[in-house]
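Going by the UniProt record's numbering, the sequence shown opens with residue 1, and the numbers climb by one from there.
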Amino acid sequence: MSHAITDFTMVVGQTSEIPGETENYAGLLRRILGGKGASLWELSNKMKMPVPAFCCITACAFTETLRYNQLDSLVQWLMHPDQPLPASEARIRDLIMACRIPKGIAADLTTFTGRYPEERFAVRSSGTVEDGAETSFAGLFESVLNVQKTEDILQAVKTCWCSLFNERVQTYMTRQHTAVPLGMAVVIQQLIPAEKSGVMFTVDPVHGADTEMLIEATFGLGEALVSGAVTPDQYRYDWYQEQESDRTIAEKEHQCVRINEAPFVRMEPLPAAIASHAVLTTTEVRELADLGLQIQMQSGFPVDIEWACTGNQFYILQSRPITQFGYTSINGEWTSADYRDGGVSSTVCTPYMASLYKYALDGTMGAYLERLKLSPARGSVWQKSFFGRPYWNLSEVKKCLAKIPGFNERVFDQGLGISPRYQGDGIVSKTNLKTLLTGIRALLIIRANVKRKLKTTPSFSLGQHRRLQELAAMNFSTLPDDELFQFYQSFICKEFFVNESTYFDLIYDNTNLNGLFKDEVEKTRFDMSQFPLLISGLSGVSHMAPMERLWKMRDLIHADQDCSYYWLNSSSEQIATDLQHGETHYHLNSLRVYLREYGHHSQRELDMLVPRYAEVPEMVIEQLQDVLRQGSEKDPRVRNNEQQIRMNTVKRELLHATPLLKRRKMSQRLEQVREFLWWREELRDLSIRYYLYVRKITLAVEARLLKNGILAQKDDAFFLDMPDLVAVVRGDIPPDEARHLVRKNRAYYLSFAHYQIADEVGERYGMFGGSQLSTPQSEVQPADGQTVTGVSGSPGMITGVARVISDIHDADRLQPDDILVTRCTDPGWTPKFSMLKGVVTETGGILSHAAVICREYGIPAVLAVKHATRIIQDGDIITIDGSRGHVIPPVREAQLHPEDLADSSGHGLSADQAPVTASATKEATV
Numbered sequence: 001m002s003h004a005i006t007d008f009t010m011v012v013g014q015t016s017e018i019p020g021e022t023e024n025y026a027g028l029l030r031r032i033l034g035g036k037g038a039s040l041w042e043l044s045n046k047m048k049m050p051v052p053a054f055c056c057i058t059a060c061a062f063t064e065t066l067r068y069n070q071l072d073s074l075v076q077w078l079m080h081p082d083q084p085l086p087a088s089e090a091r092i093r094d095l096i097m098a099c100r101i102p103k104g105i106a107a108d109l110t111t112f113t114g115r116y117p118e119e120r121f122a123v124r125s126s127g128t129v130e131d132g133a134e135t136s137f138a139g140l141f142e143s144v145l146n147v148q149k150t151e152d153i154l155q156a157v158k159t160c161w162c163s164l165f166n167e168r169v170q171t172y173m174t175r176q177h178t179a180v181p182l183g184m185a186v187v188i189q190q191l192i193p194a195e196k197s198g199v200m201f202t203v204d205p206v207h208g209a210d211t212e213m214l215i216e217a218t219f220g221l222g223e224a225l226v227s228g229a230v231t232p233d234q235y236r237y238d239w240y241q242e243q244e245s246d247r248t249i250a251e252k253e254h255q256c257v258r259i260n261e262a263p264f265v266r267m268e269p270l271p272a273a274i275a276s277h278a279v280l281t282t283t284e285v286r287e288l289a290d291l292g293l294q295i296q297m298q299s300g301f302p303v304d305i306e307w308a309c310t311g312n313q314f315y316i317l318q319s320r321p322i323t324q325f326g327y328t329s330i331n332g333e334w335t336s337a338d339y340r341d342g343g344v345s346s347t348v349c350t351p352y353m354a355s356l357y358k359y360a361l362d363g364t365m366g367a368y369l370e371r372l373k374l375s376p377a378r379g380s381v382w383q384k385s386f387f388g389r390p391y392w393n394l395s396e397v398k399k400c401l402a403k404i405p406g407f408n409e410r411v412f413d414q415g416l417g418i419s420p421r422y423q424g425d426g427i428v429s430k431t432n433l434k435t436l437l438t439g440i441r442a443l444l445i446i447r448a449n450v451k452r453k454l455k456t457t458p459s460f461s462l463g464q465h466r467r468l469q470e471l472a473a474m475n476f477s478t479l480p481d482d483e484l485f486q487f488y489q490s491f492i493c494k495e496f497f498v499n500e501s502t503y504f505d506l507i508y509d510n511t512n513l514n515g516l517f518k519d520e521v522e523k524t525r526f527d528m529s530q531f532p533l534l535i536s537g538l539s540g541v542s543h544m545a546p547m548e549r550l551w552k553m554r555d556l557i558h559a560d561q562d563c564s565y566y567w568l569n570s571s572s573e574q575i576a577t578d579l580q581h582g583e584t585h586y587h588l589n590s591l592r593v594y595l596r597e598y599g600h601h602s603q604r605e606l607d608m609l610v611p612r613y614a615e616v617p618e619m620v621i622e623q624l625q626d627v628l629r630q631g632s633e634k635d636p637r638v639r640n641n642e643q644q645i646r647m648n649t650v651k652r653e654l655l656h657a658t659p660l661l662k663r664r665k666m667s668q669r670l671e672q673v674r675e676f677l678w679w680r681e682e683l684r685d686l687s688i689r690y691y692l693y694v695r696k697i698t699l700a701v702e703a704r705l706l707k708n709g710i711l712a713q714k715d716d717a718f719f720l721d722m723p724d725l726v727a728v729v730r731g732d733i734p735p736d737e738a739r740h741l742v743r744k745n746r747a748y749y750l751s752f753a754h755y756q757i758a759d760e761v762g763e764r765y766g767m768f769g770g771s772q773l774s775t776p777q778s779e780v781q782p783a784d785g786q787t788v789t790g791v792s793g794s795p796g797m798i799t800g801v802a803r804v805i806s807d808i809h810d811a812d813r814l815q816p817d818d819i820l821v822t823r824c825t826d827p828g829w830t831p832k833f834s835m836l837k838g839v840v841t842e843t844g845g846i847l848s849h850a851a852v853i854c855r856e857y858g859i860p861a862v863l864a865v866k867h868a869t870r871i872i873q874d875g876d877i878i879t880i881d882g883s884r885g886h887v888i889p890p891v892r893e894a895q896l897h898p899e900d901l902a903d904s905s906g907h908g909l910s911a912d913q914a915p916v917t918a919s920a921t922k923e924a925t926v
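Here it is, written out as structure tokens:
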């Protein structure tokens, strides 16, 4: 019945072993031990934290006890908690408290408590759905403290079991629209005779400063603090800043105890008599914060920790995810819109990559707005990182755009897939002489910019490709240190900046040009649901070239039976080995040519930690094997030709809907928009080609710094900001400080490696922020079968199987003709699109990479569908209407009501379609 884990922990009532490190390890652990038990198991066994001795009576032991006492109706209700309770709460409590505990479970518990005959214990409920990322059930279950005898512990266990059936739980589940199966494990933990105790938030949940911890402390046991019976001392501690200069802040009753100087907070010291009674010393705050940081780093997300201290020893009693944040300390409004789809914010971002983007954005955005005479605030910062992801300055962009007549904040936000946090239309600019003159001037400048760039961009692109050929011929590993370091500085600060800033600047104009064209089209009688087709069918566009080349290789391979057998029956590792050994049969030379031309791509093209395809040819080999297994109807060349035909048809419809005297001008505008978008994709490809050499040269520099003992381990260079790495290369930062910066930045990166932060942050978001998983289910789930709305990315209506994919590493689950449902798709997803039937994302706009790719393949796409990955379940049969931006999720049998059965005419009322405005892969402006 039992499974001994270590000398001080055990699991009671579970015959199978605790799962090993599998893909669903955390989920399996939670189903066995519940939220609290799973957390304690991780803390003690995986993280090696100081945790008081404990054991768990598993959720299986609970259901076994119910069956042992012939309470099968309660077991059935646990599987279907959306049904009414089989008896009253009082009756259920009486039945459970009268239960006989199976002898094996009682014996195992006696074995555990027998090890600590003089100790007292806390008996805590550990629900299988408790302390999760989506539902916390905080405070709804029972705990019993200060028990010692085994018979008293068993009674306390029954009390915890009873709490699963109380009215508060029912109310919470109804409000959350949660009907998942329930279970209850129970933790029996050594009760620490705490001299000091409290809670610690590794990120302050109100202020939202991502490196500032909030510690609450009181003398004695922590139950009085949790219950609100005492007012605790509060300590704010910025661990990131403290590692530079020793800083700790203590706050008490709205005043601050000055422990060490902290220039980022204005403080007035308390009188000495009060300050001397502070619960924690400076050293203790540091020690406790260090434990919290270690837990956060190993968890990969912010946590709420209960702690106790006795005999100068800290103990961790509990750790759970923090799911709700306010952002009162973050001035302004910041968004990752378009950054997610571009790839730089689709997951946690290294400091190096974030700084490269910041270097380009800060160097172009303000200058661009100045050229349009929109006068941004002097010294504006255009990008900052929060929770390990870069965000751009949304509030400052809006302030500039509001100087133009017709600006509507709600339309602007919804076009970017941003959920408005205000009533009505928000900021709406007035139309007067001043705004009209500003708008006309900006319009003329944008038109002139577009004409100039269409003339100069081809020669710029040609010159950059020549430079790439020169870079390809260089062997950076043979350069002397001084020469390599000097070349690195010149390349990053000059060559890279010129290339990337040219791309960024073209993006801004492309966004504005598309918006202006859309405004013109809306004034005609044209069906705007067909607007995306006007910018589809771009012949020879760069992002389609790799897949088209793979399909040409497919034709060659299928024409040779032996060659086809080799490719379809050899592993990617074997083919890569043959390639490395110089094998020329089976069209492997064609693969070598492919890797030279397209090896700059990767699964995450804006993550410098991820190898390029040229470094890991197995990825391309597997893509080609997927293509070989697909039918000819998936051929992107055929589908692109079909899109060109559709585009020409829709173009004729547009011109027919346009007044006769304006048709020529409209046709010219359309061709200009299409040509400019084509060049945007060309410069995007050029940008990714340059990032190949950013990675190569940076790795060469890192190798020298490792050899010289300046850096300590692989990938250290990517955990420095680019300006800091340049300073290290110049010798302006000493080795000890460089290694210290790396350690600190790695800690920051790991702290949010598994955290899905909100798309927008800032003081405007108050307590509405938090991770995407923190939104109450009641705010996510639409009415049964009701249409949900996003942005129309690619027109067409289809019905198919939804495949909910967490990220690109899970993409192997995709099957031909699936509808991909995911949070965002950066360019690394492109090879998967040829097999799909449709795409639904939670982010993106009409100019995002996902939208462009879907239009070229001719598959419907709906973007910016909030909470799509929660509304839709893997395997659902859904319908998407890419023309109107609608997604129709299934009506689940368990959700049907009698009135639903009487109406078979449709799927219910549709939500209003979100206005579509211009957005870009990296930025949006006018």
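C-beta: ideal position from N, C-alpha, C; glycine also. What you are looking at is a predicted structure, and each value in this text was computed from that prediction instead of being measured.
(message) Is it buried or exposed, Ala-850, if we count other Cβ atoms within 10 angstroms and call 16 or more buried?
(response) buried
(request) Starting from the Cα of residue 934, find the closest Cα among Pro-390, Ser-385, Val-397 and give me that residue. (result) Since the first residue of the chain shown is 1 and the last is 926, residue 934 is not available in this structure.
(message) Residues in the same chain with beta-carbon distance under 7 Å from Met-544, minus the five sequence neighbours each way, listed in chain order, please.
(response) Pro-636, Asn-640, Glu-856
(request) Let me know the secondary structure DSSP gives Ser-2 once reduced to three states. (result) For Ser-2, the predicted model reports a pLDDT of 39, less than 50, meaning its position is unreliable; a value from the coordinates is still stated below. DSSP places Ser-2 in strand when its eight states are reduced to three.
(request) Measure how close the beta-carbons of Ser-375 and Pro-405 come, nearest whole angstrom, since I'm counting them as under 8 Å. (result) Contact flag wrong, Cβ pair sits at about 16 Å.
(request) Could you pull the start and end residues of the alpha helix (DSSP H) that Ile-557 belongs to? (result) 545 to 558
(request) Go ahead and pull the three-state DSSP assignment for Asp-246. (result) A caution first: Asp-246 carries a pLDDT of 39, below 50, which makes its placement in the model too unreliable to give a value.
(message) Tell me the residue span of the beta strand (DSSP E) that contains Pro-390.
(response) 389 to 393
(message) Give me, in chain order, the residues of the same chain whose beta-carbon lies closer than 8 Å to that of His-581; leave out the 5 immediate sequence neighbours on both sides.
(response) none
(message) Can you look up Val-146 in the DSSP assignment and give me helix, strand or coil?
(response) With the sequence shown as reference, residue 146 is identified as Asn, and Val is not the correct amino acid for it. Here Asn-146 sits in strand by DSSP.
(message) Arg-389 and Cys-349 - do their beta-carbons sit closer together than 7 Å?
(response) yes
(request) Identify the continuous beta strand (DSSP E) that holds Tyr-235 and give its terminal residues. (result) 233 to 238
(request) Taking all protein chains shown into account, decide if Tyr-565 is buried (16 or more other Cβ within 10 angstroms of its Cβ) or exposed. (result) exposed
(message) Please classify Glu-64 as buried or exposed, where buried requires at least 16 other C-beta atoms within 10 Å of its C-beta.
(response) buried
(request) Taking the CB atoms as reference points, tell me whether Val-541 and Trp-678 lie closer together than 7 Å. (result) yes
(request) Tell me where the beta strand (DSSP E) around Ile-188 begins and ends. (result) 184 to 190
(message) With DSSP as the reference, identify every bridge partner of Ser-429, one or two as the case may be.
(response) Partner(s): none; Ser-429 has no beta bridge.
(message) So, with DSSP's three-state summary, where would you put Leu-579?
(response) helix
(request) Quick one: measure Cβ to Cβ for Arg-549 and Tyr-598, integer angstroms, because I've assumed they're closer than 8 Å. (result) 7 Å
(message) Just to confirm before moving on: does the CB-CB distance between Phe-412 and Leu-513 stay below 7 Å?
(response) no
(request) Identify, in the order they occur along the chain, each residue of the same chain with its Cβ nearer than 8 Å to the Cβ of Leu-568, setting aside the five sequence neighbours on each side. (result) Gln-625, Leu-628, Arg-629
(request) Could you tell me how far apart the beta carbons of Gly-790 and Val-694 are, in whole angstroms, since I believe they sit closer than 8 Å? (result) The Cβ separation is near 34 Å, so there is no contact.
(message) Is it buried or exposed, Gly-332, if we count other Cβ atoms within 10 angstroms and call 16 or more buried?
(response) buried
(message) Counting C-beta neighbours from all protein chains within 10 Å, is the total for Ile-92 16 or more, i.e. buried, or is it exposed?
(response) buried
(request) Please work out which residues of its chain come closer than 6 Å, Cβ to Cβ, to Thr-202, disregarding the five sequence neighbours upstream and downstream, and give them in chain order. (result) Met-213, Gly-292, Gln-296, Pro-302, Val-303
(request) Check whether the Cβ atoms of Ala-38 and Leu-29 lie closer than 7 Å to each other. (result) yes
(request) Closer than 8 Å by C-beta to Gly-311: which residues in its own chain qualify, once you throw out the five before and the five after it? Chain order, please. (result) Glu-195
(message) Considering only DSSP beta bridges, list what Leu-40 is partnered with.
(response) DSSP output for Leu-40 lists no bridge partner at all.
(message) Using DSSP's beta-bridge definition, name the partner residues of Pro-405.
(response) Answer is none; Pro-405 lacks a bridge partner.
(message) So, with DSSP's three-state summary, where would you put Leu-164?
(response) helix
(request) Could you have a look at Asp-304 and say whether DSSP puts it in helix, strand or coil? (result) strand
(request) Report the residue from Phe-62, Ile-872, Leu-182 whose alpha carbon sits nearest the alpha carbon of Val-840. (result) Ile-872
(message) Let me check understanding here. Comparing Cα to Cα, which of Met-200, Gly-342, Phe-387 lies closest to Phe-314?
(response) Met-200
(request) With distances taken Cα to Cα, identify the nearest neighbour of Leu-288 among Thr-869, Lys-103, Glu-216. (result) Glu-216
(request) Could you give the DSSP three-state label for Gly-882: helix, strand or coil? (result) coil
(message) I need the boundaries of the alpha helix (DSSP H) containing Gly-796, first residue and last residue.
(response) Where Gly-796 is concerned, there is no enclosing alpha helix (DSSP H), given that its DSSP letter is neither H nor E.
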